[in-house]
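One structure below.
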Amino acid sequence: MDAALKHAPMDTPLAETHRTAGANMGEWFGCALPSDFGDWQAEYRFARKTVALLDKNYRAYLGFAGPDRVRYLNAILTNNIKDLKPGEGVASLFLNPQGRIQAEIETYAEADKLFCVSFALIREKLIPALDHFIIMDDVMLTDESGKFGTLALEGPQAAGITKALCGLEITEMAELSWRQANVGAIPCRIVRRSSGGIPGVEFLCEQSQLRALWNGLSHAAKLSGGGPAGYTALNALRLEAGVPWFGYDFGEKQIPHEAGLEKSHISYTKGCYTGQEIVERVRSRGQVNRVRALFQLSVAELPGAETPIIFDGKEIGYLTRASYSPEFQANIAMGYIRREQSAVGSIVQIRGANAAVISPR
19 MDAALKHAPM
29 DTPLAETHRT
39 AGANMGEWFG
49 CALPSDFGDW
59 QAEYRFARKT
69 VALLDKNYRA
79 YLGFAGPDRV
89 RYLNAILTNN
99 IKDLKPGEGV
109 ASLFLNPQGR
119 IQAEIETYAE
129 ADKLFCVSFA
139 LIREKLIPAL
149 DHFIIMDDVM
159 LTDESGKFGT
169 LALEGPQAAG
179 ITKALCGLEI
189 TEMAELSWRQ
199 ANVGAIPCRI
209 VRRSSGGIPG
219 VEFLCEQSQL
229 RALWNGLSHA
239 AKLSGGGPAG
249 YTALNALRLE
259 AGVPWFGYDF
269 GEKQIPHEAG
279 LEKSHISYTK
289 GCYTGQEIVE
299 RVRSRGQVNR
309 VRALFQLSVA
319 ELPGAETPII
329 FDGKEIGYLT
339 RASYSPEFQA
349 NIAMGYIRRE
359 QSAVGSIVQI
369 RGANAAVISP
379 R
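Residues are numbered in my numbering as their position in the sequence shown, beginning at 1, plus a constant of 18.
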């Protein structure tokens, strides 16, 4: 985990709602969010079998207006911003000149604005870093983090519930595309987001409406055999799918190819951007010395971040995050390892016991 994640956790808009409901709160992405609502494995099954409701209020929201907004963001982010049409979105990275990852940023195109989503944890550092690049550009950056909040539905019934609530067929939407719709009387931005492979939905609304939206979505989820889920379950789900988390599994220590983000977060045809020289150099060389991998562990106790990975008596990497996996019926972990030992089936040692490199499920 990045050092920045060790600050005191920030309360999120629904923190008191969760505490009142008996949630066990924890620190996730630097924010006070539910670890569980009493039974994390039942919540895991909601996401696998029916539907899980998630509080995603660890985010920062930034608006970019002005005639140069597209050119400006396209010149500092790794993915293609200039070809986004209203209703479309894309995930990018913000790099420093040495190619190290400073932020993960989603950009959504509106008719007269670009709306960006990142992490509240790095907001105070990110805004001046982005503002630094507004030199001769006619761009206005606004911090809208106090205005909005996000909830999400994940699981096989997420699409059906969304259609029943607001008439949108999200299975016909592209990933990260969005539409405006009402959930009851609450105006929402509906985004397709399918981190686990099954179409999921995010609902962005004004913070003043967030509690009412939580209550409505919770009622709909429970009617479908699901319910609220905390981040202990989500941590297991994301690890099983091999999905890395910013601040945990990648950040300032990594360049995109080490983190395995070169296909999802980078355009190689868009033109220049900050850090591009390093990215292109790595691509032309064809490899990096270390890569992100997933491991099945044989130790009973979950190892912490920075736990060393050993091969042939030598330290060849470290772990970033771990969880018990109901799917693998074992503890699993993500981490970085020398490329030579990263093939599926390779055996390394973690905390004195064998661990195998595995593929996500």
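Note that the Cβ used here is the ideal one computed from N, Cα and C, for glycine as well.
As the structure is a computational prediction, the values presented were derived from the model and not from experiment.
For this session: Just confirm the distance between the C-beta atoms of Ser316 and Ala373, as a whole number of angstroms; I'd bet it's less than 8 Å.
Result: 6 Å
Exercise. What whole-angstrom Cβ distance do Ile152 and Thr125 have, given they're in contact under 8 Å?
Worked result: Actually they are not in contact, since the Cβ atoms of Ile152 and Thr125 sit about 16 Å apart, beyond 8 Å.
Problem set entry | Ala254, buried or exposed, once every other Cβ within 10 Å from all chains shown has been counted against 16 | buried
Exercise. Name the DSSP beta bridge partners of Lys332, please?
Worked result: Phe329
Problem set entry | Entirely enclosed alpha helix (DSSP H) segments - the stretch 252 to 299, minimum 4 residues | 274 to 277
Problem set entry | Within 8 Å, strictly: CB atoms of Val209 and Leu231 | no
Problem set entry | Leu23 classed as buried or exposed, judged by whether at least 16 other C-beta atoms fall within 10 angstroms | With a pLDDT of 45 at Leu23, under the threshold of 50, the predicted position of this residue should be treated as unreliable, and no value is reported.
Problem set entry | Ala348 and Glu61 closer than 8 Å at C-beta | no
For this session: For the alpha helix (DSSP H) holding Tyr62, just list the boundary residues, first then last.
Result: Trp58 to Lys67
Exercise. Do the CB positions of Gly215 and Thr68 come within less than 8 Å of each other?
Worked result: no
Exercise. Which residues mark the beginning and the end of the beta strand (DSSP E) in which Ala78 is found?
Worked result: Arg77 to Ala83
Problem set entry | Nearest neighbour of Ala121, chosen from Ala65, Phe47 and Phe64 [CA to CA] | Phe47
Exercise. At what residues does the beta strand (DSSP E) containing Asn349 begin and finish?
Worked result: Ala348 to Arg356
Exercise. Quick one: Cα of Ile365 to Cα of Tyr286, how far?
Worked result: 34 Å
Exercise. From this set, Asn200, His275 and Gly304, which residue's C-alpha is nearest Leu111's C-alpha?
Worked result: His275
Problem set entry | Limits of the unbroken alpha helix (DSSP H) element including Thr160 | No alpha helix (DSSP H) holds Thr160; the beta strand (DSSP E) holding it covers Met158 to Asp161.
Exercise. Exposed or buried, which one is Pro205 when buried takes at least 16 other CB atoms within 10 Å?
Worked result: exposed
Problem set entry | Alpha-carbon to alpha-carbon, Arg339 and Ala21 | In this predicted model, Ala21 has a pLDDT of only 40, less than 50, meaning its place in the structure is not dependable; the value taken from the coordinates is given anyway. Cα to Cα, Ala21 sits roughly 14 Å from Arg339.
Problem set entry | Boundaries of the alpha helix (DSSP H) in which Val88 is found, first to last residue | Arg87 to Ile94
For this session: With a threshold of 16 other CB atoms inside 10 Å of the CB of Leu241, please say whether the residue is buried or exposed.
Result: exposed
Problem set entry | Residue interval of the beta strand (DSSP E) (run including Thr125) | Ile119 to Ala127
For this session: Drop a sphere of 10 angstroms on the beta-carbon of Glu258, count the other beta-carbons inside from all chains shown, and report buried for 16 or more, exposed for fewer.
Result: buried
For this session: With a 10 Å radius around its C-beta and 16 neighbouring C-beta atoms as the bar for buried, classify Asp73 as buried or exposed.
Result: buried
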